[in-house]
Amino acid sequence: MARILHVDDSSFSRLQIGKVLKNAGHELLQAENGRAGLAAVQEQSPNLIITDILMPEMDGIVFLEALRQLGNRIPVLVITADVQHDTRENCLALGAVGLLNKPPRDEELLAAVAQALGQGGI
Amino acid sequence: MVQLSDDLLDALREVINIGVGKAAGTLNELLGHHIVLEVPQVVVLRPEQIVNHLTQRPYDSISLVVLQFSGQFSGLSTLMFTSDSASKLVDLLVREETPLDELDAIKTGTLTEVGNILLNAVMGSMANLLGSRLSYTIPTYQEGPLAVLLRPIIRPESAALEITTRFTVQSRQITGEFLLLFEVVSFDAFVAVLHTALLG
Amino acid sequence: MSSGSDTHMELLDALPMGILVLSEDLLVRQWNRILADWTGLTPEQVIGRPVAQVIPSLAEPRYLARINPVFSGGPPVLFSPQLHPHLIPCSRADGVARIQQTTVTPLLVHGMNHVLLAVQDVTDLVLTARESRQLHQQALGDIQRREQAEEALQAGAQRLRAIVENTVEAIIVINQQGVIEEFNPAAERIFGYGAEEVIGANVSLLMPEPYRSEHDGYLQRYLASGESHIIGVGREVTGRRNDGATFPMHLAVGRMELGDRVTFVGVLHDITAQKQLEEHLRILSLKDGLTGIYNRRAFDEGLEKEWRRGRRQNAPLSLILLDIDFFKRYNDTYGHQAGDACLKTVARKVAASVHRPGDLAARYGGEEFVVLLPETPLDEARQIAERIRQAVAQLAIPHSSSGVAPVISISLGVAGMVPDRQHNSEALLQHADRALYGAKSNGRNRVCVTRPGAEVTPYQAEPDASR
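Printed below as a string of structure tokens:
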């Protein structure tokens, strides 16, 4: 099973999504915003990053840009409440492998995780 | 009146966030512009704070859309725009030249529908996540001085959740504020449902 | 309603609005008579077919994304006449595209999720609102330079209009005995009764006393006429709320037959706000833009009304016509702005000097004012005139070029008579005018009176005794 970093400012979302991932046997790391997420990426080398977009301090878009600049090869999955088309396009253009809208259904989340792990060069 | 723990406040913020995210999608399609969202702020107002707190805003005049709901918990879901934001929104939505004498009707109809989109998204997301089936009235629109519009809908025994969420349409600053008003009994019921559904 | 879906069908057909019901698989399940009339598509042609084939535009994602959450009980969706005027594309017989306001609400049929689209034709409402706005614009034009009045107008009219355009229809179903069978939430809100309080009661509960008996007759005539399906014939009636207050409402009645049972569906909305707006605009059109007191039109209307009332009741009617002395010289000396200010001050003083209901002070034109005094004999009117003369003098507005007094003064002509069939109101006005002429030619700053029967000789002016 994989080591997954979940970046979201909402403890509620971290709890909900974390529960599903843990039950599926994944190891879970968590961060409250992009800045903390970047530190965790460097220190803990996860297999997959899941990030929210709308966050204080460093939002998901800046986080994605920073990851790209750092030459990140870890797959990134975006889970956001923002359903706008251009948000999706923007995230994919910044290298995200997929985007789910909040709140994701459990099977939808696990399928996306499995697909992202398959695509990533672990 | 029961207290709202930090965990519950956070959960509620996320519920609102999901609703506003949906609304942004619909607004984006209507406007043809990207909507930049900000993290919603949620403040609980106790009965004795409510009137003073709400009427202290520095607005001369507001546009107010009100949606009544009832069920496991009952109250009013309201959306406020400053008159400035309201006018900008109508300008963006009604792109063609509008005869001055029809502006009021257009403003009323347009803002009622925009309010409907935003309030529906927030209430719909809330009811879904809480697993509550609520019934609703058709939204109504009013404009005028803040205190004049709010006084009749705030009862002495009301509690409120003041939810401020800013959304920017391109370079124009258009700000809307949600306000959820409950009677205290209903507020307690709401907190209980929130707790069971989200953290239970 | 108590019985099954046939009842609903009849009810839907009787409603004066378009009704479309969709099941969750987006098939058309109900299509009422109004929609058939509007689109030319019969229920047989559309029921059971996908909505995408019947109204392709409605199946676009931007509409479905909003309608879909309603199936599972989400808040009602509103498509405004401004952003979505032609949700169901169709035209009236005169070729005008119908402007619609559509609400989408959840509906459970046999435990299955459905949505109900209620489509109101607001073409006429929009046109009426446009007319009322034009009236508003006219009134605005009259007082364009008068900031105060303009602000009052806008604040009031905008708020009222906002309310006018957001009414929600109440629906009440009654049987042939007038017993209420159905009472929707909008009706609860409008009348202040809960459905459980009124269902089973007679509909006369919702009507104020003078209309209750009339209503029974109306119902009987309606039954006797044997006409079926009179749909959407609207009229204005008076309703009565739970607290006893009465209010104007617009009512359209439909009739439906279920076997040998006849039921009536009333769709109504509260038009208090609309009436208030009309009244507000009417009052504005009767005010003088500069002084804020009544204008000549208001006076003309008041005079006619009081003349007829005096004739019926054999009561005296008096009139004071007054004029500011040497006002032209005042303007020349102090400038037009001071002149306007002086007119306003004098107008306010004149208006403040009459108090009884029916008394009316108006600007007659230029620097001329008029005071109408119903049920007032001539002698009393003369005393009132003298009080006005003194009150204006006491304002002590300096007028160095007057020649009559160092301050602004007025001349007043008083006439009074018991209105009769041999004269019209014009006669009274002529008497007052002659008396005013008398006051001026006798040195101004005084009150003159014409006595009854004075039409034989041109006038008989009396210098004011109290001076």
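Residue numbers (our numbering), protein chains in the order written: chain V, 1 to 122; chain F, 123 to 322; chain Z, 323 to 789. Backbone N, C-alpha and C fix where the C-beta goes; we use that ideal spot for every residue, glycine too.
Proximity to F:Phe195 across F:Val142, F:Ser257 and F:Ala311 peaks at F:Ala311, based on C-alpha coordinates. In this structure, the beta-carbon distance from V:Gln16 to V:Pro75 does not fall below 8 Å.
By the neighbour-count criterion, in which a residue is buried when 16 or more other Cβ atoms sit within 10 angstroms of its Cβ, V:Ile53 is buried. Interface flag for F:His156 against chain V is set, since a Cβ pair is found closer than 8 Å. Residues of chain Z with a Cβ closer than 7 Å to the Cβ of F:Ile260 are, in chain order, Pro398, Leu400, Thr425 and Val490. Annotation for F:Thr259: no alpha helix (DSSP H) segment contains it, and DSSP assigns it neither H nor E. Listed in chain order, the positions of the segment 263-295 of chain F with a beta carbon within less than 7 Å of a beta carbon of chain Z are Tyr263, Gln264, Glu265 and Gly266. Annotated as proximal: Z:Ala381 and Z:Leu348, with beta-carbon spacing under 8 Å. Here DSSP, grouped into helix, strand and coil, assigns V:Gly95 to coil. Selection Z:Phe649, Z:Leu700, Z:Met339 and Z:Val736 evaluated against Z:Glu491 yields Z:Met339 as nearest (Cα-Cα). Look at F:Ser192 here: in three-state DSSP terms it is strand. At a C-beta separation below 7 Å, F:Leu159 has these neighbours in chain V: Leu54 and Asp82. At a beta-carbon threshold of 7 Å, the residues of chain F lying near Z:Gly395 are Arg255, ordered along the chain. Where Z:Ala663 is concerned, the enclosing alpha helix (DSSP H) starts and stops at His658 to Ala674. DSSP, reduced to helix, strand and coil, places Z:Asp446 within a helical segment of the structure shown. Here DSSP, grouped into helix, strand and coil, assigns Z:Asp654 to helix.
A Cβ-Cβ contact shorter than 8 Å links F:Thr290 with F:Val158.
Only Asn101, Lys102 and Pro103 from the segment 100-116 of chain V bring a Cβ to less than 9 Å from some Cβ of chain F.
Among the residues of chain F, those whose CB is under 9 Å from the CB of Z:Pro403 are Ala227 and Gly231, following chain order.
Distance between Z:Gln498 and Z:Asn617, taken at the CA atoms: about 51 Å.
For Z:Pro696, none of the residues of chain F pass the 7 Å Cβ criterion, the least Cβ distance being about 37 Å. When the alpha-carbon of F:Thr287 is set against those of F:Asn139, F:Asp132, F:Ser185 and F:Leu130, the nearest one is in F:Asn139. Contact with chain F is found for V:Phe12, since one of that chain's Cβ atoms lies less than 8 Å from the residue's Cβ. At least 8 Å separates the beta-carbon of Z:Ser733 from that of Z:Thr655.
Ranking V:Arg14, V:Asp9, V:Gly25 and V:Ser10 by CA distance to the CA of V:Arg3 puts V:Gly25 first. For Z:Tyr385, the enclosing alpha helix (DSSP H) has its first and last residue at Pro383 to Phe393.
At a cut-off of 8 Å between beta carbons, F:Leu126 makes no contact with chain Z. By the rule that beta-carbons nearer than 8 Å mark a contact, Z:Ala387 touches chain F. Neighbours of F:Glu151 in chain Z, taken as residues at a C-beta separation under 7 Å, are given in chain order as Arg384.
The beta carbon of Z:Pro338 does not come within 8 Å of any beta carbon belonging to chain F, so the residue lies off that interface.
The bridge partners DSSP lists for Z:Ile493 are Z:Val589.
Nearest to Z:Lys650 by C-alpha distance, out of Z:Gly688, Z:Gly680, Z:Leu682 and Z:Glu626, is Z:Gly688. Note: Z:Tyr686 is not bridge-paired with any residue in the DSSP secondary-structure output.
Straight-line measurement puts the Cα of Z:Val431 at about 25 Å from the Cα of F:Ala243. Each residue's CA atom was taken as its position, placing V:Gly98 and V:Ala114 some 11 Å apart.
Ranked by Cα distance from Z:Ser731, the options Z:Ser763, Z:Phe648 and Z:Gln659 are led by Z:Phe648.
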